[in-house]
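A short write-up of the structure that comes next.
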Amino acid sequence: MEKNNSNQTENMDIDLNNIINSIGDGLITTDENGKITNINPVAEKLTGWKKNEVLGTSFDKVFNVIHTETGQKVFNSIKEIISKNIRITLSENAILISKNGKRYYISASISNLKDDKGNVNGIVVIFRDVTDKHEMREKLSSNEKFYHSLFEQSASGIVVHDEKGNILEVNNRFCDLFGYTKEELLKLNVFQTHPPGFDAEKKGRQAMEQFKKEGYTRFEAKFITKDGVIFDGEITSSRIYIKDKMIGQAVLRDITEKKRIEEALDKRIYALSQPFEQKEQITLQELFNIEEIQRLQDEFAQATGVASIITNIDGTPITKPSNFCRLCNDIIRKTEKGRINCYRSDSMLGKFDPKGPTIQPCMSGGLWDAGAAISVGNKHIANWLIGQVRDDTQNEDSIREYAREIGADEEAAAKAFQEVTPMSREKFGHIAKALHTFANQLSTTAYQNISQAHFIIQLKKAEKDLADQKERLANILEGTNAGTWEWNVQTGETIFNERWAQIIGYTLEEISPVSLDTWIKYTHPDDLKISNDLLQKHFDNELEYYECEARMKHKDGHWVWILDRGKIATLTEDGKPLKMFGTHQDITERKQAEIELQKSESFLLNIIESIQDGISVLDEELNIKRVNSIMEKWYEASMPLVGKKCYICYQSSSKPCEPCPTLRAFKSGNTEFNIVKGLEGSTVKWIELFSYPIKDSETGKVTGVVEFVRDISERKKAEDDLQKARNYISNIINSMPSLLIGIDPDGIVTQWNLEAERVTGLSSNEAIGQPLEKAMPYFIDEMKYVKKALTKREKQIDTRRPRFENGDRRFEDVTVYPLVENGIDGAVIRIDDVTDRVRIEEMMVQSEKMLSIGGLAAGMAHEINNPLAGILQIANVLSDRLTNKELPANQRTAKELDISFDVIFSFMEKRGILKMLEHIRKSGKRVAEIVSNMLSFARKSDTTYSFCNPAELLDKSIDLASNEYDLKKKFDFRQIKLIREYQRNIPEIPCEESKIQQVFFNILRNGAEAMQQKKEELGNYEPEFIFRINLNKDKNMINIEIEDNGPGIDDVTRKRIFEPFFTTKPIDKGTGLGLSVSYFIVTENHSGEMNVESIPGKKTNFIIRLPLTRKK
Amino acid sequence: MNKNRKSLLILDDDEAVRESFEYHFEDRGWKVKSFSNPQEALKSIEEEPPECAVIDIRLPEMNGDEFIREIYRRNINLICVICTASPEYSIPDDISSFKGVSNKVFIKPVIDFNLLEEELLYILKQNFNSGELNE
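Chains A and B supply the protein sequences, listed in that same order. Note that the first sequence covers residues 922 to 2033 in my numbering. Note that the second sequence covers residues 12 to 146 in my numbering.
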C-alpha cells in the first residue's frame, strides 16, 4: 500500500512537471534566496536563457523587466518580494528584456511560494507574452482615433447605444441638438430623449425591437431638448458589433423644417378643395391679364351691339365700358344719383346664378340690362354686364321723368334715348345667354389657373425638400463612411460614390467608367452568386431589403468584406424594379472578428472534444443542449443525448437526482460539486461532477450549466481499496504486540493501539487528545527522544529501557519514527517489550563465553596436562617412596642404608612433608579438574547418545550425591526431605547419560550446600528437595525441575549463575564452573533449555528441558 | 630379579612423567625400560620385546599411534596402554582392533597409578588366557 502511494505521488510529480512544461505561460520558480530552481520551456524561450544555464543563478539576472512607460526596472531585487511577502501583478505594462536584448510586452504575476508552515521559501513567476496583443491594441487605438474624429465631425447627431437603449457615446452635434452636455447624455437612455405624453417613446421602443431583430431601423418621432423644446427628428440606426456585443449607432436628423413644409403643403391642398369665401379676397386682376379681358369685352360688345362692362361684385368697374350709349355714359352716369343707381343695378345684375343670366330693366335708366357672375371655385369675384338696349317697354316720357329725377337735362336725355340701340327681347336674351356661358368658362379658367399656380408652388417646395433631404442623407452616409451606389436595374447604368471605390483601395476615377460589371469584376464569385440570389428575392418581394455580405478584391490583392445593402426605390410602369439605391460598408474588421470567433469557437470545440472528461451543457429545464464525444461514449446506451433530460440519460431516472450540483448551481450561481454514481451497468462507476453556471452577462441570471464530468471509478476504487487497506492496517496495528502511539508535532496523542490500552489501562478514547506525558506518565524520560525525532526528523531508538511492572523488571525498546512524508506531521512511537529477548541474549552471551573457554581449553589442555602430569605423578611417586611402609623397595633401601624406614617416615611426618605432598596432589588435582571442566565447553561432534528414562537418571544422581556427601561428612543428605512429583509414563529421551547425571549432580550438590548453609544460620529449618518431571507437549520436551527451599538467590546472582567462573562459594570450594558446565551440557550438547527461578529466602528452582527427539 | 618379573616399556618424551612411571612400576617389581625416542624404543623392542608398554601420543618424529602400528606391523603382540595429555584424543579404529591395545585411554596427569597398573595386568591376563602372548 505504501509502495503504491509513493508511486502515485511520483506520478503526480511527473504530471505536474508535464503541466508546468506544457502550459503556454512562462514559469520560473526560485528558492528563498532568489536562486532559480525551475524554469519551463516557454520561460526559456522568452528570457533566452536555457534551463541548465539558469538553475541556481539569480532571478534578477534572468527576469529583466522594465515598465513600459517609465523605462525603469520594475523591481530592484527579488529579495524585496520575498522579504515583503507580497504579490505583484504586471498587466501588459511591463517589458521583458531577453538575454539577447529582445523585448517582449508581458503580463506577469509574481507570488510567493510557501512551505507547509506558511514560511516563504521562494517565489513563482508566471508570465505571458502579450506583444502581439499590445501591438494590436496600439493599432486599434489609432483606428479608433480616426473613427472618433469622423464621429465627432459628423453633421448629423450620432448616438451609440446598447440593446437596452443606454447611451454609450454621443457626438458634439447630438449634444447641440439637445442642449445637453455629453456627460449628462451619457447618463441617459435614448428613450428619455422623447417628450413625455406623446407616443414617441413607444415608437422608439418598437423601433428598438425591430433594430434588435433586423439590425436596422428608421423612424420619425418627437424629441425634446433639455430646455423643453420639442422637435421632429428622424433616427436611422444600424447594428455594429464590438467584442461580440451588439450595439447600435443611430443618426439623428432634425426634420422640423421638412415637417413644416409638409404641413404647409397639406394646408394648401386642403384649401383648394374648400370654397374661396373663407379665404382672403382674390381679384380678377390677379387671375387674368386685364388688357386681354378688356379686348375680349370690347369685341363681344361690338359683335353683339350691346354695351358691356366688367365690374367688381359691388358694381365698381374693372374694365372700361365698351359701346356705352350716350344716355348712360354721358347723361345718367354724369349725375351723382344716376351713377349710384347704375352701380347698384350692375351689382344686382351680377348675382351668381349657375342656371343662367339675369335679365332685367336697369334700375337706373330703365334700359334692358343683363349680367353674369365670374367666380373661382365658389368664390364670386366679378360681374360681367351687358345691355343698354331698348324695345317697346321704354318711351321718351319715362326717360324725361328720370332725367328730371336725377337732375339731368331732360331734352338731352330724350334726344339720347332716341340714339339707344333698339333690340328685341328675344335677341337680347340670346346675347345674354352667350354672356353667361362665356362668364362661366372664364370662372373655370380662373380656377384652373389658381390650381395650377398652387401645384407649381407645391412642386417647387417639394423639390427643394428633396434636395435638402438628399444632401442630408449624403451627409449621413458620409458620416457613416459608407459607399453608395445607384443602379438602374433596367439599363444596368450605375453610379458609385468616391467611398465605394475607396473601400477597395481605388479612387473613383481609377475605376471609371463604372457599370454593373465593375461590381461583378471586384466581387468574389461565390459571394456574387449569393448576392444575386438575395437580389432576386428582394425583386420578388420576398425580402423587404436586399442585404448581403460579400468579399471584394482590394487593390492590394486582399479581400475586403463589405456589407452591401439596398432597396428598390422606383418601379417601371409595369411594376418591374427600375431604380435601386444602396450602400457599401467596410465590415472587414467585424468579419475578421467573426472569423476569428469562428476559429476560436472551433478551437474551443476541438478542446472540448479532446478533453478526456465528459462535458455536458444543460439549460434551465435540465435539457441537454450539447455534449462532447466522451459523454456520448460513456452514455452510448442513452443516445442521442441532446434534447433529453439529463437525469433520464445519465441516471435512468424519471426525476432530477438528489443531490444534484447542477440544480444547486442554478440556485447559487456558484460552481457546485458532487461525487455521484455512474449509470447502472456502465464502465463509469463513479463520477466527479462539477457544475459551472453560465450567466447572462447582462442580468447575471444563470441561463445554463456546464457539467464537467470526470470518471473517477479508478480513483474511487483506489480510495475504497485505501479505506480497506486502512482498516486492514488499523487491524494490524491493533493486533500488533507492540505499543503503537501516534502523536502530532505538539506531542498530543493521535493514535493509541490496543496494546497501548492494555499496558496503560487507558482506552484510546481517553488517550487521544491528551499530551503524551499525561497519557503515559512513565514515558516522561523518553520525551527527549520524541522531541529530538520531531525536530531532527530522524528515527530515534532507545533500546532495553528498563521498566518495572508489578515488581518485575521488564525491558522495552522504544523507537520514535518522525512522520515527515505525505504531509503528515508528528511521530509514531513504538514500544516493544523485549524482556524475553534480552534474557535470551544474556544466555547466548553466556554460551558464547563458554564456547570460547572450551576452545581455549582444548588448545592448551595438552600443554598444561603434561607438566601437571610431571608434578602430580612425581608427587605420587615421592609420596609412595617416602611414606609407603609396605613398599618392599622402601624397606630394602632403608635396610641397605641401615636406617629404619619408620624413622624416615617419622621424620617426614614431623617435618610435615606428608602434608605438603598431599597439598601438591590436591592442588594439582584441582588444576586437572579445571582443565577437564573447561574442556567440557568444547563442542564435541562424536558424543554418543542413548535413550534413557529421565526419572531413573535423576534417581541415580540423587543416590550418587547422597553417597558423596555421606562420605565426606559435609552434609547429611538423608536429613533432606525428598519429594518426587514425577508424571507417569514419561518417554525416554536421547541423551549422553553421564553428562546429564553430571548436570543433576551439580545442581543437587549446590542445593545441598546452600541448604546446609541456611541450616547453619537458622538452625530450625527443614531442608527439602522437590523433583518434578513432566511432559511439555508444546515444546516437545521433558521438563525436569529440581527445587530446593534453601536461601534462594538474588536477582543479580540469578542472572550470572550460569556464567563460567562465577561462584558464591569460598575460593577452595568449587571451581565456579559447575553450573555453567551444566548449562552448556543442557543447551549446547542436548539442545535443551535451562533456567533458574528463585524467591530469595524461600526457594530456588532449576528447570531443565530436554528435547524428546535429538536435534542435529 | 626373577623370570616372573613382568616387563614394561615406557615411551614418553616428558622426562618427569617418564621417570614417575619408571619409579612407580620398578618399586612394584616391574622390569622397566623407558625411552623418549620412538626409534630407540623400536630398536629395543626388536632386541628384547617387553610384555607391556605405556605409550604417549605426542612424540618426536613418530607419534604414538604410528608407533603402535609399526610394532603390530612387525607382528609383535605388545600390550599397550595409551597415556596422553590431550583430552580430546581418541583411539583410531585400526588401533583399537589390535588385541593387545587397551581401549581405555589414560589422560595425564594420571592421579591413581594403580588404575593404570590394573589395566595393564587385566589386558595381560586376557591375552595370556587367549594364548596369544609372545611367550
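All C-beta atoms, glycine included, are put in the ideal place defined by N, C-alpha and C.
In this structure K1565 (chain A) is in contact with I1545 (chain A), their Cβ atoms being roughly 6 Å apart against a cut-off of 8 Å. For F124 (chain B), the neighbours in chain A by C-beta distance under 7 Å run, in chain order, N1797. Residue pairing of C91 (chain B) in beta bridges, as defined by DSSP: B:A64 and B:V112.
Per DSSP, the continuous beta strand (DSSP E) segment holding A1748 (chain A) begins and ends at G1747 to D1754. Around D25 (chain B), the beta-carbon contacts reaching into chain A at under 9 Å are N1787, P1788, A1790 and G1791. Contacts with chain B at 8 Å (Cβ-Cβ) do not include L1803 (chain A).
One thing to note: A964 (chain A) has its Cβ within 8 Å of the Cβ of I949 (chain A). DSSP places H988 (chain A) in the strand class (E or B) of the three-state scheme. T1240 (chain A) carries a coil assignment under DSSP once its states are collapsed to helix, strand and coil.
Residues of the stretch 95-111 of chain B that bring their beta carbon within less than 9 Å of a beta carbon in chain A comprise T95, A96, S97, P98, E99, Y100 and S101, in sequence order. Our two residues, Q1794 (chain A) and L1808 (chain A), have alpha carbons roughly 17 Å apart in a direct line. Taking C-beta separations shorter than 6 Å and ignoring five residues to either side along the sequence, the partners of N985 (chain A) in its chain run I1018, following chain order.
Going by beta carbons, L1089 (chain A) and D1083 (chain A) fall inside the 8 Å limit. Residue range D1729 to L1740 is occupied by the beta strand (DSSP E) that includes R1730 (chain A). For A1142 (chain A), the enclosing beta strand (DSSP E) begins and ends at Y1137 to I1145. In the structure shown, the three-state DSSP call for K1474 (chain A) is strand. Listed in chain order, the non-local C-beta contacts of C1283 (chain A) below 6 Å within the same chain comprise S1266 and D1290, local neighbours out to five positions each way being set aside. Under the Cβ criterion of 8 Å, V121 (chain B) is counted among the residues facing chain A. Per DSSP, the beta-bridge partners of S1030 (chain A) are A:T1010 and A:I1047. Each of A:R1636, A:M1552 and A:Y1649 was checked against the Cα of S1603 (chain A), and the nearest Cα belongs to A:M1552.
For D76 (chain B), there are no neighbours in chain A by C-beta distance under 8 Å, as the nearest C-beta there is about 15 Å away. Between G1845 (chain A) and chain B, the shortest Cβ-Cβ separation is below 8 Å. Using a CB distance cut-off of 8 Å, L1838 (chain A) does not count as an interface residue toward chain B. Distance from the Cα of I118 (chain B) is smallest, within the candidate group A:I1907, A:S1853 and A:V1172, for A:S1853. Excluding sequence positions up to five before and after T95 (chain B), its CB lies within less than 8 Å of the CB of D67, I68, R69, G75, V116, F117, I118 and K119, all in the same chain and listed in chain order.
The beta carbon of A1121 (chain A) sits closer than 8 Å to those of H1115, A1142, K1143 and F1144, all from its chain and outside the five residues before and after it, given in chain order. When rounded, the separation of the alpha-carbon atoms in S1659 (chain A) and N954 (chain A) is 45 Å. Rounded to the nearest angstrom, the Cβ distance from R1631 (chain A) to E1609 (chain A) is 4 Å, consistent with a contact under 8 Å. Inter-residue distance for I90 (chain B) and Q50 (chain B) is about 18 Å (C-alpha atoms, whole angstroms). Taking G977 (chain A) as the centre and dropping the five residues before and after it, the same chain places the C-beta of K956 closer than 6 Å to its C-beta, in chain order. Cα atoms of H1357 (chain A) and D1461 (chain A): separation of roughly 57 Å, rounded to the nearest angstrom. Against R69 (chain B), the close residues of chain A are H1783, in the order they occur along the chain (beta-carbon pairs closer than 8 Å). From the beta-carbon of L1772 (chain A), no residue of chain B is found nearer than 9 Å; the closest lies around 15 Å away. Taking a beta-carbon distance threshold of 8 Å, Q1812 (chain A) does not count as an interface residue toward chain B.
The shortest CA-to-CA distance from I1416 (chain A) to any of A:I1371, A:A1422 and A:W1408 is the one to A:W1408.
Residue burial is scored here from C-beta neighbours: K1103 (chain A) has fewer than 16 other C-beta atoms within 10 angstroms and is therefore classed as exposed.
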